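> Just passing along the structure, written as structure tokens.
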Amino acid sequence: MKQNNTVYMNLKQLEQWVWRQLQETFTQVMKKLLEDMDQQIADERDKKQYRLVSKRPLQITSLFGELTIERAYYRDRTKNEHVYLLDRYLAFEKAGHLSPMVEEAAIELAIQGPSPKVLPKSALMVSSL
């Protein structure tokens, strides 16, 4: 009888591997999407009102991990202030570095606590004592 020498991941390892692949894919897609949006905003902006000053990094903590993009920083000549038009279009001004989904998840967890469905059985047994 021929022996099978193939080594397979267990389910936990497989889930972890798939999750890391999804995180990487999400980060690449989101970065490209945001940078393309920023470029389109730069191309279509009112150039008399908004003067491009520089490109600056933005780090976002999303549900899938950290994401860093370079976005345009402008001087608004009419209001005499500096702005990130991408942040304004995304309603992300002064939001910090947490994505809205991360903020919602954190608030939900703080209000309700962890769901019994995701706690290990040992934690449920201790909480019922």
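The numbering used here puts the first residue of the sequence shown at 25, with every later residue one more than the last.
C-beta atoms are modelled at their ideal positions from N, C-alpha and C, and glycine is treated no differently.
All figures in this text were calculated on a predicted structure; none of them were measured in a lab.
(1) Which word fits alanine 129, buried or exposed, when buried means at least 16 other C-beta atoms lie within 10 angstroms of its C-beta?
(2) Who are the Cβ neighbours of isoleucine 93 in its own chain at under 6 Å, not counting the five residues just before and after it?
(3) Note down, in chain order, each residue of its chain lying with its Cβ closer than 8 Å to the Cβ of methionine 33, except the 5 sequence neighbours on either side.
(4) Assign leucine 114 to one of three DSSP states: helix, strand, or coil.
(5) Which value, in whole angstroms, describes the spacing of the CA atoms of glutamine 37 and glutamine 47?
(6) Bridge partners of proline 81, per DSSP?
(7) Decide if the stretch 83 to 91 is in contact with the stretch 100 to 115; the criterion is three or more beta carbon pairs, one per stretch, under 8 Å apart.
(8) In whole angstroms, what is the alpha-carbon distance linking serine 152 and glycine 137?
(9) Run through DSSP, which three-state label would alanine 134 get?
Taking the coordinates as given:
(1) If you draw a 10 Å sphere on the C-beta of alanine 129, you find fewer than 16 other C-beta atoms in it, and that means exposed.
(2) The beta carbon of isoleucine 93 sits closer than 6 Å to the beta carbons of Lys55, Leu58, Glu59, Leu82 from its chain, once the five residues preceding and following it are set aside; these are given in chain order.
(3) For methionine 33, where only same-chain residues beyond five positions count, the Cβ hits under 8 Å are Trp41.
(4) Residue state, collapsed to three classes: coil.
(5) The C-alpha of glutamine 37 lies about 15 Å from the C-alpha of glutamine 47.
(6) Bridge partners of proline 81: Glu94.
(7) No, the stretch 83 to 91 is not in contact with the stretch 100 to 115.
(8) Per-residue confidence for serine 152 stands at a pLDDT of 42, beneath the threshold of 50, marking its modelled position as unreliable; the derived number appears in the next sentence. Their backbone Cα atoms lie some 16 Å apart in a straight line.
(9) The answer is helix: DSSP assigns alanine 134 an H, G or I state.
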